[in-house]
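Residue numbers (the numbering used here): 35 to 346.
Reading through the structure tokens given below for one structure.
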């Protein structure tokens, strides 16, 4: 379950179709996300930023070189988590930050940006980042344009990875930025969302008919590989739901239920400790209660026998 510290120079900007880029950061583990950008005649719209000042600046430098320094007009946050939002503050002042209405409040109340709790080792150094929430928010859908390029921003209609997940869909180019609704080859996380909602989002994602897919973490995908990725997510979410149901019947804590679970079907995925966090979500949903986030992370650390590794 441990990871080696990832070098910054392993990240790369990849052009998906002309003018549409993905910033892919291996190996996609804790805090190491993907981002992207869509460049039209009048400038660029960024899709997500990165967790740290250093990583975000490297992304923006690569983007400047690839787009001949096209101005950044706006940025979309696919959800609230700091690996996708901390770098907002490094964007030009005039760039409009766009996100789901729940993301604004979540960014404003983000306590992690002030000092990461000791759940990760080494504790991340965010650098010079400050809160910059979306100033343009929506509840279900919004269409923006980068020059003549149409970008549909769409919410699945229910919590999944979080309450405010948004995809960025380019219907003409058939490019889909999924945010953390998809983790390609990495253990998914629904601690702040819903196991059932994450399951329901899979058919919704399949329905776009995307030819190019940028997941929130992990390698890029395409029309040929997406069905397998969605099937893997379905197997995992059903595994979480079944494990939670069995644990509740037996009166087990989420930690004890995780310890009894057979993870062999997912043993190649990093961040297996997320099972404990996902079970806390499933238990809370079954009880109609809120998740005790500190307790969930403490139990996940115990299952992992130490802090979560990080590569920021």
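A virtual CB, placed ideally from N, CA and C, is assigned to each residue, including glycine.
**Message:** Within 10 Å of its beta-carbon, does residue 126 have 16 or more other beta-carbons around it, so buried, or fewer, so exposed?
**Reply:** exposed
**Message:** By the three-class DSSP mapping on this structure, what secondary structure does residue 173 have?
**Reply:** coil
**Prompt:** Residue range of the alpha helix (DSSP H) that residue 64 falls in?
**Reply:** Residue 64 -> no alpha helix (DSSP H), and no H or E assigned at all.
**Message:** Judging by CA-CA distance, which residue of 311, 326, 189, 57 is the nearest neighbour of residue 342?
**Reply:** 311
**Request:** Check residue 136 in the structure and name its three-state DSSP category.
**Result:** helix
**Request:** Would you be able to state if there are at least three C-beta pairs under 8 Å between the segment 167-183 and the segment 150-157?
**Result:** no
**Prompt:** Would you say the segment 286-306 touches the segment 327-342, given that touching needs at least three Cβ pairs under 8 Å?
**Reply:** yes
**Environment of residue 316 [buried if 16+ CB atoms lie within 10 Å]** = buried
**Asked** Comparing alpha-carbon positions, which option in 283, 114, 277 lies nearest residue 296?
**Response** 277
**Asked** Excluding five sequence neighbours on each side, which residues of the same chain lie with their C-beta closer than 8 Å to the C-beta of residue 171?
**Response** 132, 133, 134, 135, 137, 138
**Asked** residue 214 lies in the beta strand (DSSP E); which residues open and close that run?
**Response** 209-217
**Item:** residue 308, buried or exposed, once every other Cβ within 10 Å from all chains shown has been counted against 16
**Value:** buried
**Item:** Residues near residue 36 in its chain [Cβ-Cβ closer than 7 Å; skip 5 each side]
**Value:** Confidence is the limiting factor: at residue 36 the pLDDT is only 37, short of 50, which leaves the residue's position unreliable and the question unanswerable from this model.
**Asked** So residue 288 packs on residue 333, CB below 8 Å; how close in whole Å?
**Response** 6 Å
**Request:** Kindly identify the DSSP beta-bridge partner or partners of residue 246.
**Result:** 209, 256
**Message:** Can you give me the C-alpha to C-alpha distance between residue 218 and residue 158, rounded to a whole angstrom?
**Reply:** 23 Å
**Request:** Following the continuous alpha helix (DSSP H) through residue 49, name the residue where it begins and the one where it ends.
**Result:** Segment 46-51 is the beta strand (DSSP E) holding residue 49; no alpha helix (DSSP H) there.
**Asked** Buried or exposed: which applies to residue 52, given that a residue is buried once 16 or more other Cβ atoms fall within 10 Å of its Cβ?
**Response** exposed
**Prompt:** Hey, how far is the Cα of residue 63 from the Cα of residue 223?
**Reply:** 11 Å
**Request:** Measuring alpha carbon to alpha carbon, tell me which of 186, 101, 261 ends up nearest residue 205.
**Result:** 186
**Request:** Give the C-beta separation of residue 215 and residue 194 to the nearest angstrom, bearing in mind that I take them to be a contact with Cβ-Cβ under 8 Å.
**Result:** 6 Å
**Prompt:** Who are the near neighbours of residue 257 in its chain, counting only those whose CB is closer than 7 Å to its CB and skipping five residues on each side?
**Reply:** 244, 245
**Request:** Look at residue 124 and residue 78 and say whether their C-beta atoms are less than 8 Å apart.
**Result:** no
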